[in-house]
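Here the protein sequences line up with chains A and B, keeping their order.
In case it helps, our numbering puts the first sequence at residues 3 to 273.
In case it helps, our numbering puts the second sequence at residues 157 to 438.
For glycine and all other residues, C-beta sits at the position ideal for the given N, C-alpha and C.
All values reported here derive from a predicted model rather than from experimental measurement.
Worksheet for the structure shown next.
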Amino acid sequence: MKFTKLASATLLSLAAVSVSQAVTLDIEFTNLTQAQSFTPRLVIAHDDTVDAFEVGQPASSALAWLAEAGVIDDEQNADSSGANFEALLGPVDTDNGSNTWHRFGGLLAPKATLSYPFDTMDKPYLSLLSMLIPTNDAFVGMDSIEIPTEPGTYTYYLNAYDAGTELNDELNSARKDVVEAGTGNALGGYGVPGVAGGGAPTRIVDLGTGGTGVGAQIVNGEIEDGEDGPVHIHRNALGDTDSAAGASDLDSTVHRWLNPVARVVITVPAS
Amino acid sequence: MNNPIIKLSTLLMLSALLAACGDDGDTGPQGPAGPQGEAGTDGQDGTDGQDGSDGQDVINGNSAFYTVKVTNLTYSQPFAPAAVILHESGFDSFNEGEPASMGIEIMSEGGDPSMVITEAMDSTDFLDAQNSGGILGPRSMGAELTLVVPELDADDLRLTVTTMLVNTNDAFTGLNAANVSNMAVGDIKTFMTVTWDAGTEANTETAATMPGPAASAAGGGGEAAGYDVVSDDLADAVRLHQGVVTSANAEDPSREGLSTSVLTEAHRFDFPTSRVVITRTR
Numbered sequence: 003m004k005f006t007k008l009a010s011a012t013l014l015s016l017a018a019v020s021v022s023q024a025v026t027l028d029i030e031f032t033n034l035t036q037a038q039s040f041t042p043r044l045v046i047a048h049d050d051t052v053d054a055f056e057v058g059q060p061a062s063s064a065l066a067w068l069a070e071a072g073v074i075d076d077e078q079n080a081d082s083s084g085a086n087f088e089a090l091l092g093p094v095d096t097d098n099g100s101n102t103w104h105r106f107g108g109l110l111a112p113k114a115t116l117s118y119p120f121d122t123m124d125k126p127y128l129s130l131l132s133m134l135i136p137t138n139d140a141f142v143g144m145d146s147i148e149i150p151t152e153p154g155t156y157t158y159y160l161n162a163y164d165a166g167t168e169l170n171d172e173l174n175s176a177r178k179d180v181v182e183a184g185t186g187n188a189l190g191g192y193g194v195p196g197v198a199g200g201g202a203p204t205r206i207v208d209l210g211t212g213g214t215g216v217g218a219q220i221v222n223g224e225i226e227d228g229e230d231g232p233v234h235i236h237r238n239a240l241g242d243t244d245s246a247a248g249a250s251d252l253d254s255t256v257h258r259w260l261n262p263v264a265r266v267v268i269t270v271p272a273s
Numbered sequence: 157m158n159n160p161i162i163k164l165s166t167l168l169m170l171s172a173l174l175a176a177c178g179d180d181g182d183t184g185p186q187g188p189a190g191p192q193g194e195a196g197t198d199g200q201d202g203t204d205g206q207d208g209s210d211g212q213d214v215i216n217g218n219s220a221f222y223t224v225k226v227t228n229l230t231y232s233q234p235f236a237p238a239a240v241i242l243h244e245s246g247f248d249s250f251n252e253g254e255p256a257s258m259g260i261e262i263m264s265e266g267g268d269p270s271m272v273i274t275e276a277m278d279s280t281d282f283l284d285a286q287n288s289g290g291i292l293g294p295r296s297m298g299a300e301l302t303l304v305v306p307e308l309d310a311d312d313l314r315l316t317v318t319t320m321l322v323n324t325n326d327a328f329t330g331l332n333a334a335n336v337s338n339m340a341v342g343d344i345k346t347f348m349t350v351t352w353d354a355g356t357e358a359n360t361e362t363a364a365t366m367p368g369p370a371a372s373a374a375g376g377g378g379e380a381a382g383y384d385v386v387s388d389d390l391a392d393a394v395r396l397h398q399g400v401v402t403s404a405n406a407e408d409p410s411r412e413g414l415s416t417s418v419l420t421e422a423h424r425f426d427f428p429t430s431r432v433v434i435t436r437t438r
């Protein structure tokens, strides 16, 4: 009887500790680029069994969906069902054991800042991912930082990575004069070449249309959808200054960036 | 009580005298040689050897062990063999704004890091070093290198890493005396590194001046395109690298490309260029 009481008392105290550790962080996210918009942000609090991306390792299909099309879950794009981060992590806003995640919707325009509350559900690490548009498969990533436990404000600078799942052809995905080699599919979106998001409302300039291709070249009206992975630091958009010709449909004076491309300020509240 | 012994000895003496007295004739001929005797029994085993001397105190409980792992974050810049050095504070392989040492110049132009290591070994602050010995391809992780330092020095420890980006004239990445003091066993520190220009060779990006595969493909490269005694850079000083210009956009209206460069847009790189992870394992 005494032993049982002791055990239940221990359990209670453990439960009390874990409740006190679950905190709602304030995550302030700033786009530091001059002309790259960020797609909806995926924020994941997780344990050490979850790794959304790793430099030097091939991208998952979930990362490819995020980096090529900005898609995180079924609600955004039903075609991604079973292959996106929702499939990898589990239901949204739920304690999935190894993780909990949320999609902060909408485009984040260049130079803009937004703040989000986020319940970490007692997970030790934080990752954050968002696609840069207009690019082929560039994403900004926070790679499994240890969530601070002391109340305070913590600042992180994030780099742009290349998911490596699509060649950086830098061709406007609205173009109709080019199709994917082999399939004849129109440009744009997951698994198909062409920079995504060129017509986004947060765009700084319209894309060109006459490029011949940068990381891959147009041959007889077709463009290859090859890979250039594993995940690595993005070498930057190239662009050029001729919207009707040249290699790229991006503008070299507008669309380039240098790391870091985002700032994250995490506030751990006093409990 | 002694009588029996005396009597016996007297008898023996008498018999000896009798034998001697009885032989008065000539000595007979020598008899034939006897048969060879049997082989003797084996000798006894020798005594045991002496105990060996004690081993040297190299790997013992008073050493701190570290592993260092470099990841190449670039799209298409292979890394030359890396110098990985642990030392105390007070030593620097290079300083921004100052001329590069001969070791840094040779490493950044031709890729061989061995003199960077020997220069460090000449310092009283030197502790241990490894030459990774191989090329680390783009977008890939290197092998773990193990370094050992006296435990007493773990409280004032610096990590220096240098490795050339081979499709460049004199660019190198790594760490300049990063503070890795007071790591407990199991601790991990991760560094994302910038790239420096050694300031010892002009960034012409031509086949004749770069050792890597891009120059080789253009008919140059190799050892002759590596270290050059001529220092013709804008300034003889180590500073952060501006990135490669490449021949991309040499013909578009911007003319921003360097038409004489054998590099393409694929050889461009942004910071960080490498990731260095150090783990204390013992």
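Pairwise C-alpha distance: residue j and residue i
| i | j | result |
| --- | --- | --- |
| residue 422 of chain B | residue 153 of chain A | 44 Å |
| residue 244 of chain A | residue 410 of chain B | 8 Å |
| residue 265 of chain A | residue 278 of chain B | 42 Å |
| residue 94 of chain A | residue 234 of chain A | 28 Å |
| residue 368 of chain B | residue 238 of chain B | 15 Å |
| residue 240 of chain B | residue 55 of chain A | 27 Å |
| residue 365 of chain B | residue 400 of chain B | 14 Å |
| residue 253 of chain A | residue 236 of chain A | 17 Å |
| residue 228 of chain A | residue 219 of chain A | 11 Å |
| residue 204 of chain A | residue 363 of chain B | 43 Å |
| residue 168 of chain B | residue 200 of chain B | Because the pLDDT at residue 168 of chain B is just 44, under 50, the model does not fix this residue reliably, and the value given afterwards should be weighed accordingly. Spanning the two alpha carbons is a distance of roughly 38 Å. |
Selected residue, minimal CA-CA separation from residue i, among the options
| i | options | result |
| --- | --- | --- |
| residue 389 of chain B | B:355, B:279, B:396 and B:366 | B:355 |
| residue 143 of chain A | A:43, A:248, A:251 and A:99 | A:43 |
| residue 168 of chain A | A:226, A:107, A:271 and A:98 | A:226 |
| residue 119 of chain A | A:45, A:53 and A:61 | A:45 |
| residue 257 of chain B | B:353, B:303, B:314 and B:419 | B:353 |
| residue 311 of chain B | B:341, B:367 and B:228 | B:341 |
| residue 182 of chain A | A:273, A:131, A:222 and A:149 | A:222 |
| residue 373 of chain B | B:419, B:238 and B:305 | B:419 |
| residue 393 of chain B | B:357, B:405 and B:413 | B:357 |
| residue 53 of chain A | A:31, A:87, A:71 and A:106 | A:87 |
| residue 32 of chain A | A:131, A:199, A:250 and A:151 | A:131 |
| residue 248 of chain B | B:192, B:383 and B:317 | B:317 |
| residue 150 of chain A | A:191, A:47, A:188 and A:35 | A:47 |
| residue 146 of chain A | A:158, A:84 and A:97 | A:158 |
| residue 106 of chain A | A:99, A:121 and A:70 | A:121 |
| residue 258 of chain A | A:60, A:238, A:126 and A:268 | A:238 |
| residue 216 of chain A | A:206, A:207, A:232 and A:197 | A:197 |
Under the three-state DSSP convention, the category residue i falls into
| i | result |
| --- | --- |
| residue 258 of chain B | helix |
| residue 309 of chain B | helix |
| residue 236 of chain A | coil |
| residue 423 of chain B | helix |
| residue 339 of chain B | coil |
| residue 117 of chain A | strand |
| residue 273 of chain B | helix |
| residue 235 of chain B | strand |
| residue 430 of chain B | strand |
| residue 201 of chain A | coil |
Any chain A beta carbon closer than 8 Å to residue i
| i | result |
| --- | --- |
| residue 428 of chain B | yes |
| residue 296 of chain B | yes |
| residue 235 of chain B | no |
| residue 300 of chain B | no |
| residue 404 of chain B | yes |
| residue 343 of chain B | no |
| residue 132 of chain B | An answer regarding residue 132 of chain B cannot be provided, because it is not within the stretch 157 to 438 covered by chain B. |
| residue 410 of chain B | yes |
| residue 230 of chain B | yes |
| residue 425 of chain B | yes |
| residue 435 of chain B | no |
Residues bridged to residue i (per DSSP)
| i | result |
| --- | --- |
| residue 329 of chain B | B:319 and B:351 |
| residue 314 of chain B | B:243 and B:335 |
| residue 143 of chain A | A:131 and A:161 |
| residue 224 of chain B | B:301 and B:434 |
Min CB distance residue i to chain B below 8 Å
| i | result |
| --- | --- |
| residue 57 of chain A | yes |
| residue 237 of chain A | yes |
| residue 276 of chain A | Here chain A comprises residues numbered 3 to 273, so residue 276 of chain A is not present and cannot be evaluated. |
| residue 254 of chain A | yes |
| residue 240 of chain A | yes |
| residue 266 of chain A | no |
| residue 261 of chain A | yes |
| residue 243 of chain A | yes |
| residue 257 of chain A | no |
Within-8 Å CB hit, residue i to chain E
| i | result |
| --- | --- |
| residue 216 of chain A | In summary, chain E is missing from the structure at hand, where the protein chains are A and B. |
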